[in-house]
Each structure stands twice: as C-alpha cells, then as structure tokens.
Amino acid sequence: MGLRDRIQKVEAEISSASMADIAFLLIIFFMVTAVFSATKGLDFKLPSDDEQQSTEEQEAIFFKVLEDGTFLMDKRPATLDEIRDYVVPKLERWPDKPIIIYARPEAPYEALVGIYDELVKLAKPPENGGYGLLTKPPNISIPTQSEINEYVALFGVNPFEQD
Amino acid sequence: MRLKKVQALKAYIPTASMADIAFLLIIFFMVTTKFDVDRTRVPLPKSSFREEVPKGSAYVVIHREEGGYIYKFSNGEDPSQPLPDMTALAAQVNALAQVDPTKPYIIKADKGTPYRMIDETLETLRRAGVETVIMLTEQKTVEDQG
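Just so you know, the protein sequences line up as chains L and Z, in that order. In terms of our numbering, the first sequence is residues -17 to 145. In terms of our numbering, the second sequence is residues 312 to 457.
What follows is the structure in structure tokens.
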C-alpha cells in the first residue's frame, strides 16, 4: 500500500549535549568539597599501666620546656639545632639511654613537639626526612602530671623542678 | 590576471573528547576526596618528620576561641562535636575504647595550647587504654628553621 511508504522513520537517540555541563558541575562540586587538610603527624606510643617504667633522672638526658617556649637541655639553655650534636654521641655509647621531656604546665605545646620531632628524626632514614644517625629509636619518655604528683606525694618534691 | 578564490576555513574547537576528560576528572575527585570528620581550622605545631595518620582515627581537637580553649571529639566516623569539659571527653573516650580498644587517636591541638591541657588529654587516653596517639602537625619548612 502507498500509505506505509510515507511514514518517516524517527531515529532513536539519547541527547548528550548537556552531558558535559553535568560533568563539569560535578567536577566543581568535588573540587569545592575536597579538603586538602593536614593528615600527617608525629606518632606517639602511650605506656599502658602494666608496663610503666621508672626512669632514673641522673642517667637520662633531661629536657625541660619553659613557659616562654625555650628549653633547658641537661639544665643548660639550648636551641633545637644543638640537640643533635649533644644527644647523638651519648646515644651511640648507650642506645637505651632514656630521654625525659618534661614540660611545665603552662609551656606551649609547640615547644614540646619541636623537641620530640628533633629526637624522632635521629633514627629515621634521610629519605623519610630524618638524619639516619642512630640505628635504634631513642627511648623518649614524657612524664605526665599525675606521675609527677605521685612522686611529690611520696617524696614531697617535684624531681624536675630541683636545680 | 585571474586570481584564485580563497576558500575561508571554518574555525572550530573539537569538543568530542571534552566529556571524556570531564569524567576522568570526576573519577579523580571522587576517589581522592575525603570528607574530613573535623574541619576546625587550628594553627598546628610544625615538625619536619611526619607520618600519615591511619584512616578512621578518632579525633581530639583543642582549639582556641575568644572565651578560651575548647575541646572537640570525633569517633572517626561522625563529625566532631564540641565538649563542655575534660570529664565529657573522658566519657566519650571510655565509651569508644569499649567498642574499639585499638583505635588510634589524633590530637589536633593549637600550637599555643598550654601543655597541661595536652597532658590531661594524654592521661585520659592512657587511662582508657589507648596506645597509639598521633600529634597532628604541619610541615616544617626551611623558612621555619630560619
């Protein structure tokens, strides 16, 4: 029949003209919501109650952080640059030598982190940003206020505030 | 002399591959985007050695506001919430420690925070049996070292 020949075939298609618009909208969304935040830090192991060790102060390398952010290294004022040269020869002779970092209650957190960072770096390889000078990580201990209070209750003095 | 007719070429930018590039970028952002549980802006202390923090770590945030220092806590999945005091923080930490005792904790503290507040936080975490703590830091640069 003649009628059938006149029906025009409509081609099926999915319109993709707006696809790029949608795609770029999504890109902008992810770019805006992406957070480039600090996700790195210094690892620190807390001692459990059953493995607390007592550290003899006279045998240890002793850091005392003061309120103004400065610190004493074995009772002498020091800077971060001096830590490496002072600590490495001592730890080479005695790798297990304890290092005590005592911060006064009002000392800024930043100062303690600075010292801790410098000590951790001693045993880390240069490709990881360390100095690679020691084979064994230093034995760092940070006494808590409750430990100090226990000592004060027993002996009547704060061992870290005696000159 | 008879001059040849110059045929004008139509200038156009091919856009056929634009959608491919766009989808590639979408996939990149979808894979790399992290929805942080804590987005508090805190001036962190700087260190030259830094380790990547484990995914899903719990957060203890100490940041300075006009009225003083404020604690915030996140269990690593939900957004961080402000806490009224250290007792509330201890309750949160103890509750989480019972569910997941091996959970690592991130301390995200203002660099000027008095050490006694960090000390109290560490003591609270230690009492709850937490073993791994990461002190969140920013990268120390050559300029910082002076």
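C-beta atoms are modelled at their ideal positions from N, C-alpha and C, and glycine is treated no differently. If you're wondering where the values come from, they're calculated on a predicted model, not measured in any experiment.
Residues near residue i in its chain [Cβ-Cβ closer than 8 Å; skip 5 each side]
i: residue 327 of chain Z; result: none
i: residue 349 of chain Z; result: 370, 372, 383, 385, 390, 391, 419
Beta-carbon proximity list for residue i, same chain, < 6 Å, skipping 5 on both sides
i: residue 405 of chain Z; result: 439
i: residue 445 of chain Z; result: 364, 417
i: residue 105 of chain L; result: 116, 119
i: residue 108 of chain L; result: 114
i: residue 142 of chain L; result: 84
i: residue 368 of chain Z; result: 387, 415, 417
i: residue 103 of chain L; result: 112, 113
i: residue 90 of chain L; result: 51
CA-to-CA distance, residue j to residue i, given in whole angstroms
i: residue 341 of chain Z; j: residue 10 of chain L; result: 11 Å
i: residue 425 of chain Z; j: residue 126 of chain L; result: 14 Å
i: residue 396 of chain Z; j: residue 382 of chain Z; result: 7 Å
i: residue 121 of chain L; j: residue 25 of chain L; result: 14 Å
i: residue 422 of chain Z; j: residue 4 of chain L; result: 43 Å
i: residue 134 of chain L; j: residue 111 of chain L; result: 39 Å
i: residue 453 of chain Z; j: residue 21 of chain L; result: 20 Å
i: residue 331 of chain Z; j: residue 320 of chain Z; result: 27 Å
i: residue 333 of chain Z; j: residue 402 of chain Z; result: 47 Å
i: residue 72 of chain L; j: residue 353 of chain Z; result: 37 Å
i: residue 28 of chain L; j: residue 124 of chain L; result: 9 Å
i: residue 55 of chain L; j: residue 136 of chain L; result: 26 Å
i: residue 57 of chain L; j: residue 451 of chain Z; result: 27 Å
i: residue 128 of chain L; j: residue 431 of chain Z; result: 9 Å
i: residue 80 of chain L; j: residue 69 of chain L; result: 11 Å
i: residue 63 of chain L; j: residue 399 of chain Z; result: 40 Å
i: residue 375 of chain Z; j: residue 93 of chain L; result: 17 Å
Residues of its chain near residue i, where Cβ-Cβ distance is below 7 Å and the 5 sequence neighbours each way are ignored
i: residue 86 of chain L; result: 47, 48, 49
i: residue 408 of chain Z; result: 439, 440, 441
i: residue 412 of chain Z; result: 440
i: residue 436 of chain Z; result: 404, 416, 444
Under the three-state DSSP convention, the category residue i falls into
i: residue 28 of chain L; result: coil
i: residue 46 of chain L; result: strand
i: residue 409 of chain Z; result: helix
i: residue 53 of chain L; result: strand
i: residue 39 of chain L; result: Bear in mind that the predicted position of residue 39 of chain L carries a pLDDT of just 47, short of 50, making it unreliable; the figure below should be weighed with that in mind. It is helical.
i: residue 403 of chain Z; result: helix
i: residue 376 of chain Z; result: strand
i: residue 124 of chain L; result: coil
i: residue 21 of chain L; result: coil
i: residue 422 of chain Z; result: coil
Endpoints, beta strand (DSSP E) assigned at residue i
i: residue 131 of chain L; result: Per DSSP, residue 131 of chain L belongs to no beta strand (DSSP E); it is in the alpha helix (DSSP H), 127 to 137.
i: residue 2 of chain L; result: Segment 1 to 15 is the alpha helix (DSSP H) holding residue 2 of chain L; no beta strand (DSSP E) there.
i: residue 80 of chain L; result: 80 to 85
Chain L within 8 Å of residue i, Cβ atoms only
i: residue 333 of chain Z; result: yes
i: residue 359 of chain Z; result: yes
i: residue 340 of chain Z; result: yes
i: residue 362 of chain Z; result: yes
i: residue 329 of chain Z; result: yes
i: residue 452 of chain Z; result: no
Cutoff 8 Å: residue i Cβ touching any chain Z Cβ
i: residue 102 of chain L; result: yes
i: residue 92 of chain L; result: yes
i: residue 143 of chain L; result: no
i: residue 22 of chain L; result: yes
i: residue 2 of chain L; result: yes
i: residue 46 of chain L; result: no
i: residue 55 of chain L; result: no
Alpha helix (DSSP H) segment containing residue i, residue limits
i: residue 343 of chain Z; result: 329 to 343
i: residue 324 of chain Z; result: Residue 324 of chain Z -> no alpha helix (DSSP H), and no H or E assigned at all.
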